[in-house]
Structures are given as C-alpha cells and as structure tokens.
Amino acid sequence: MDGSGIVVGRSILSSVMHHIDSHSNSVQKVPISATANDLHGYLSKLLNEIQEQSHKRVYSPVSVATEFVTCLKSFLVNQRLDSNPSADLLAQRLMREETASEARHPNLNPVTKGSLLQFIYTDSGFTWYLGVKIEHSSFIDINALIRRSGLAEDRKLYKAVSVNIDTLSGPFDVQVFDTNGTPAVYWWKYFLELVVKRSDSENTKNAVDAVIKTVGILKREFPADYSVLRNATIAAFKQKSEMRFGNFVDNLLKSYVPIDGNAKPKLAIVEQKLRNLPITKNFDAQFTLDPSVVSYNQRKVVLSPEITLSIKEGVENLKDKIWASKTDDGRNVLVIQTENIKDFDFRG
Numbered sequence: 001m002d003g004s005g006i007v008v009g010r011s012i013l014s015s016v017m018h019h020i021d022s023h024s025n026s027v028q029k030v031p032i033s034a035t036a037n038d039l040h041g042y043l044s045k046l047l048n049e050i051q052e053q054s055h056k057r058v059y060s061p062v063s064v065a066t067e068f069v070t071c072l073k074s075f076l077v078n079q080r081l082d083s084n085p086s087a088d089l090l091a092q093r094l095m096r097e098e099t100a101s102e103a104r105h106p107n108l109n110p111v112t113k114g115s116l117l118q119f120i121y122t123d124s125g126f127t128w129y130l131g132v133k134i135e136h137s138s139f140i141d142i143n144a145l146i147r148r149s150g151l152a153e154d155r156k157l158y159k160a161v162s163v164n165i166d167t168l169s170g171p172f173d174v175q176v177f178d179t180n181g182t183p184a185v186y187w188w189k190y191f192l193e194l195v196v197k198r199s200d201s202e203n204t205k206n207a208v209d210a211v212i213k214t215v216g217i218l219k220r221e222f223p224a225d226y227s228v229l230r231n232a233t234i235a236a237f238k239q240k241s242e243m244r245f246g247n248f249v250d251n252l253l254k255s256y257v258p259i260d261g262n263a264k265p266k267l268a269i270v271e272q273k274l275r276n277l278p279i280t281k282n283f284d285a286q287f288t289l290d291p292s293v294v295s296y297n298q299r300k301v302v303l304s305p306e307i308t309l310s311i312k313e314g315v316e317n318l319k320d321k322i323w324a325s326k327t328d329d330g331r332n333v334l335v336i337q338t339e340n341i342k343d344f345d346f347r348g
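All residue numbers for the sequence shown refer to the UniProt record's numbering, where the first residue is 1 and numbers rise by one.
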C-alpha cells in the first residue's frame, strides 16, 4: 500500500457499509463520503489484509439461484454498491440470519454487533466482490471520557467472503475467512448458503501426505531431523482440533533447533515448500482435522541384522525418549527412556 492509502495492484471501484444489530433488528446504511480519508484508508488496509490472509477455506454455492449468487450477478451489471439494492438486500439477510442463529442457539453467546463492509474491486485484471462482517470493539473516548463503540484498527475480528465475479458464468469458488477460528456456521451455511468444496477427511489426508513427502527431502542427508519432524507432523495431525496450516508450519519449524546444524539451509527450503502446499496440493489452509484418515501407525527401524525397532508414529517429543549416544570405548548405542528394563541386562 502506498502513502495515499491506495492498495498497490488493487483498485476499489465501490464500497458500502451497513451497521448490523440483530438485537434490535436494525440495519443502518452509512454513507461513505469522498472526503472521509481515514475511513477510505481503513477500507484499503482491510482489503489488503484479508486478501493476504492465508487461513481460508474454499466453498461452493448450494445452487446458482440463491440470494447471495443472485446479488453477485447484479454486481456485474451495477458495480456501484451504494446505489445497488442488492447490497442492501445482503445486509438485511445478514441481520435476519444473525437473529435466527441466536434463536437456534439460545445458550450460546449472542452474535457480536458489527458492520457489514462490501467492496467491488479489481485485481490482476479480474473483478472481485468482498463482504466483511467486522465486529465492533469498545473504547474510551479520551475527550468526552465516555465509552464508545467502533471499528478496531489493530486486532480486527471479522468474517469475510471473497468471490471472483468474472467467473460466475460457470462453476466458481467462494473463499471464506474467519479470524475467530472455525468459520461460523451461520455465516457460510445460512447467510451465504454454501457447501464445503473439500471435506475435512479429504483435507486431512491430502495435507498430512503432502507434509510427510515434503519433510522427506531431509531423509537422506539428515535422517535424525527427518525422524523428529515426521513424528511431530503425525502427532499434530492425529489431534481432533482445528487446523490452521500457517500456524502448523510455524509451530513445526520456527523454533526448531536441528540436530544436525548443517540442515539449516535445507530446512529453509522445506519451510517454503510447506507454506505453498495448500495451493500446490489442493487442500484448504483451514479445516477440522479428521484423525481417522491419518494412516501412519508404526515405523520400523533396522538397528542391526538381529534387531528391528518398532516405533508408534506420532509420539510427542520423541527425541527426548529415544536418542543416540556413544560409550566410553567408542561404541554407538541407542538410548531408550523406559521403566520397563527388567528383561534386559543392566549396565550402570
């Protein structure tokens, strides 16, 4: 973004903002003045931030006749969101679905008040729609010394949807973002009327296989580091939790100290390849893990012609439980931390 607040490489054609309050069943359209420089800068920064967001999931519309898809098609004809009734229809629809969500789940926290920001913009020759429900945050007005509510500039909490509207004539993808973690069901299923393009099982299987293959780059030159990272990967994918792939790569490698110091250049290559996997191997960067499809269970290591070691895949902190060492007389040995030593000759 340059100093004027314009996103370099992207051009906002139009935008509109509605304040949504499902508690009072109200939708308030907010005019965006051409002289509102702070708000225009905020919108440009928000657009850039969301489009650079790696944690997203790809969906498809349940049909081409949904209200959301119909509105998208109207944006191709009239790209002035401030005068296109479809932008108002989507704001009203969001308010209704937030109200319905609270009715379906009365014991959960109510939906946070916020604003729906909608953009039409161009990027790399294509025309895009971006809808963002950004939660309001409270602050103390230092002049009036009273609590107010508004749009957060730093730690933004939002749900977003992005569509290349030039592709609406055929099958098209819908990208969904949610800073709160797992995409809210009322947002993608009820408001946008979408279905996931790839199941959690498919994502889990494709992702873990791709990571294991990529980490395998280390196997020949740095087998000890390969073993640790492979095991940590399987342990991570066998959890029943939310996978945010960028965070997974950070946790796997950012603080990892290689066993072989010479592995650092190769680890940098592995990290870059890992970060590109959601694109190159066609899985979502955010999904719920399905441990049942992680098929890595036992790994056998031949220690000698007489002895083979069988290790359960996914053991946490494996390097603290099995490690190589050398005796005083120069013999290589494998040390296994265990309480079950009664079947073996003890040597202090």
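Ideal Cβ positions, reconstructed from N, Cα and C, are used throughout, including at glycine. Every value quoted in this text rests on a predicted model; they were computed, and no experiment measured them.
>> Which runs of the beta strand (DSSP E) at least 3 residues long sit entirely within the stretch 33–89? Give them in chain order.
In response: 57–61
> What are the start and end residues of the alpha helix (DSSP H) that includes residue 236?
Replying inline: 223–237
> Nearest to residue 252 by CA position, among 268, 240, 260, is which residue?
Replying inline: 268
> When you compare each of 94, 182, 211, 167 to residue 27 by their alpha carbons, which one comes out closest?
Replying inline: 94
> Excluding sequence positions up to five away, which residues of its chain have a Cβ less than 6 Å from the Cβ of residue 316?
Replying inline: 235
> From residue 1 to residue 48, what distance separates their C-alpha atoms?
Replying inline: Reliability of the predicted coordinates at residue 1 is poor, the pLDDT of 36 falling under 50, and the value obtained from them is presented with this limitation in mind. Cα to Cα, the separation comes out at about 8 Å.
> Would you call the stretch 240–260 and the stretch 153–170 in contact, with 3 or more CB pairs under 8 Å?
Replying inline: no
> DSSP three-state call for residue 240: helix, strand or coil?
Replying inline: coil
> What do you get for residue 7, buried or exposed, if any count of 16 or more other CB atoms within 10 angstroms of its CB means buried?
Replying inline: Per-residue confidence for residue 7 stands at a pLDDT of 43, beneath the threshold of 50, marking its modelled position as unreliable; no derived number is given.
>> I'd like to know if the stretch 237–250 and the stretch 299–312 are in contact, where contact means that at least 3 CB-CB pairs between them fall below 8 Å.
In response: no
>> Could you compute how far the alpha carbon of residue 193 sits from the alpha carbon of residue 259?
In response: 49 Å
> Got a sec? Which residues, its chain only, sit under 7 Å from residue 84 by beta carbon, not counting five neighbours each side?
Replying inline: 74, 75, 78
> In whole angstroms, what is the alpha-carbon distance linking residue 72 and residue 129?
Replying inline: 8 Å
> Are residue 126 and residue 207 touching if we call contact CB-CB under 8 Å?
Replying inline: no
>> Distance check for residue 66 and residue 60, CA to CA, integer angstroms please.
In response: 11 Å
> Excluding five sequence neighbours on each side, which residues of the same chain lie with their C-beta closer than 6 Å to the C-beta of residue 290?
Replying inline: 200, 201, 204
> From the DSSP output, which residues share a beta bridge with residue 160?
Replying inline: 132, 177
> When the Cα of residue 245 is compared with those of 271, 222, 226, 263, which residue comes out closest?
Replying inline: 271
>> If distances are taken between C-alpha atoms only, which option among 131, 123, 220 comes closest to residue 175?
In response: 131
>> Going by the DSSP bridge assignment, what does residue 324 pair with across the sheet?
In response: 334
> Under three-state DSSP, which class holds residue 117?
Replying inline: strand
>> Along the chain, where does the beta strand (DSSP E) containing residue 21 start, and where does it finish?
In response: 10–21
>> I need the straight-line Cα distance from residue 292 to residue 323, nearest angstrom please.
In response: 29 Å
> To the nearest whole angstrom, what separates the beta carbons of residue 82 and residue 162, a pair I think is in contact under 8 Å?
Replying inline: So it is not a contact: roughly 20 Å between Cβ atoms.
> Under the DSSP definition of a beta bridge, which residues are partnered with residue 27?
Replying inline: 20
>> Between 328, 107, 53, 111, which has its C-alpha nearest residue 160's C-alpha?
In response: 53
>> Closest to residue 97 by C-alpha separation, out of 133, 118, 70, would be which residue?
In response: 133
> Which residues in the same chain as residue 113 place their Cβ atom closer than 6 Å to its Cβ, once the five residues preceding and following it in sequence are excluded?
Replying inline: 21, 136
>> Along the chain, where does the alpha helix (DSSP H) containing residue 273 start, and where does it finish?
In response: 264–280
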